[in-house]
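Residue numbers for the sequence shown follow the UniProt record's numbering, so the first one is 1 and each next one is one higher.
Think of the CB as a built atom: it goes at the ideal place given N, C-alpha and C, for glycine as much as any other residue.
Comments concern the structure below.
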Amino acid sequence: MTTATEQTVRDEDERPTPLVELDDVSKYYGNIRALEGVSLTVHAGEVSCVLGDNGAGKSTLIKIISGLHEHDAGSFRIEGEPAQLTKPRDALDRGIATVYQDLAVVPLMPVWRNFFLGSEPTVGWGPFKALDVERMRRTTREELLRMGIDLRDVDQPIGTLSGGERQCVAIARAVYFGAKVLVLDEPTAALGVKQSGVVLKYVAAARDAGLGVVLITHNPHHAYLVGDRFVLLKRGAMAGSHLRAEIDLDELTRQMAGGSELEELSHELERAPKPLHLGGEPTPD
Ligand code: ADP
């Protein structure tokens with residue numbers, strides 16, 4: 001008889017080539033180990049979550065995937081081919097879009113202007129060339145609606161949107177410009193519960209549109225709502241790698257919280273049964 005886990009592993013072997021595959025990747029800054037032996041697989045139509053505390057190596061991992069830094073050891077493949085990214089443009093050209101937590105937007109410019117920033121369509125020719133404002137407005141509205149985002153007014157400055165809405169616009173933008181892989185850097189870190197839910201809904205929408213999503217987070221609850229696979233990082237090393245079928249939310253939370261380390265701490269923090277007598281004469285109450 002085959003167990004569910006064996007079946008999952010067998011299914012895994014029969015999957016199409018992953019969009020992104022990191023295998024045993026390491027990165028050192030001088031003699032500081034930022035990442036060592038880290039593996040991550042990203043498939044189309046799936047969300048791969050990378051979980052870890054501060055200093056775990058999450059940003060370093062993003063930098064490698066998005067072409068900001070090159071890895072020192074291990075292999076990094078995009079659609080089965082060894083990746084040689086030397087700048088962020090290389091990653092974009094291979095279909096990898098990264099949405100950073102501190103989004104690069106121009107707050108006073110309208111939503112549609114930010115949506116097309118750096119890729120503005122034009123009309124006319126030569127000295128008569130001008131920005132195709134109407135097309136940008138219309139496309140922005142349509143694309144946001146397609147992701148289920150109903151913005152009252154795409155003419156409002158993007159700075160007037162909530163943090164969650166801005167994340168959603170950035171996700172819709174990446175989908176529109178043809179990203180195959182969407183890397184999200186802690187998209188819910190600065191948000192409340194409701195806004196986090198909204199952003200996760202669009203993460204799911206990007207997944208359903210066939211993108212492979214890398215969701216970086218330190219929140220196991222958020223990860224488990226949308227994740228298909230989970231990689232846990234701790235001080236630059238892999239502390240776990242699980243398919244959804246292999247782990248439940250409680251176990252993921254336990255591992256993320258430090259699992260056995262927390263149990264040890266809780267043991268140490270238990271109240272002593274009697275006040276400790278530290279020597280000398282007992283003082284009257
Ligand atoms: P996280 O994003 O999970 O907080 P980072 O990837 O930023 O983790 O950092 C992982 C480790 O690498 C940390 O110990 C950090 O101090 C170190 N590190 C990150 N970037 C640099 C750098 N440019 N130079 C030196 N050390 C770095």
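Rounded to whole angstroms, what is the Cα-Cα separation between residue i and residue j?
i    : j    : result
L35  : V111 : 37 Å
L243 : V42  : 12 Å
T140 : T98  : 19 Å
V118 : V199 : Residue 118 is actually Gly in this sequence, not Val. Their backbone Cα atoms lie some 24 Å apart in a straight line.
S162 : E268 : 43 Å
A170 : L144 : 10 Å
M238 : G126 : 55 Å
E186 : G55  : 14 Å
I62  : E70  : 11 Å
Q101 : E142 : 25 Å
L249 : G240 : 14 Å
G67  : E251 : 33 Å
L211 : L182 : 7 Å
Q255 : P121 : 48 Å
L103 : G192 : 18 Å
When you measure from the CB of residue i to every non-hydrogen atom of the ligand ADP, does any distance come out below 8 Å?
i           : result
Y29         : yes
S59         : yes
A179        : no
N223        : Checking the sequence shown, residue 223 turns out to be Ala, not Asn. Flag unset: Cβ of A223 not near the ligand ADP.
residue 329 : There is no way to answer for residue 329, as the model of the chain reaches only from 1 to 285.
G37         : no
L233        : yes
I65         : no
I32         : yes
G258        : no
G52         : yes
G236        : yes
At the 9 Å Cβ level, is residue i part of the contact set with chain B, yes or no?
i   : result
K27 : You won't find chain B in this structure, because it holds only one protein chain.
Is residue j closer than 9 Å to residue i when the C-beta atoms are compared?
i    : j    : result
V105 : R166 : yes
R113 : V20  : no
V123 : R135 : yes
L233 : V50  : yes
S39  : A73  : no
A209 : L215 : no
Per the DSSP calculation, residue i is bridged to which residue(s)?
i           : result
F128        : DSSP, once it has assigned bridges, lists no residue as partnering F128.
A73         : S26
M238        : L233
residue 300 : Past the boundaries of the shown model lies residue 300; the chain is included only from 1 to 285, so the question cannot be answered.
L184        : V99 and L215
L40         : L22
P157        : P110
V175        : Per DSSP, none; premise fails for V175.
Exposed or buried, residue i, counting other C-beta atoms within 10 Å across all chains shown (16 or more means buried)?
i    : result
L108 : exposed
A179 : buried
T217 : buried
P18  : buried
G95  : buried
P220 : buried
I32  : exposed
S266 : exposed
F230 : buried
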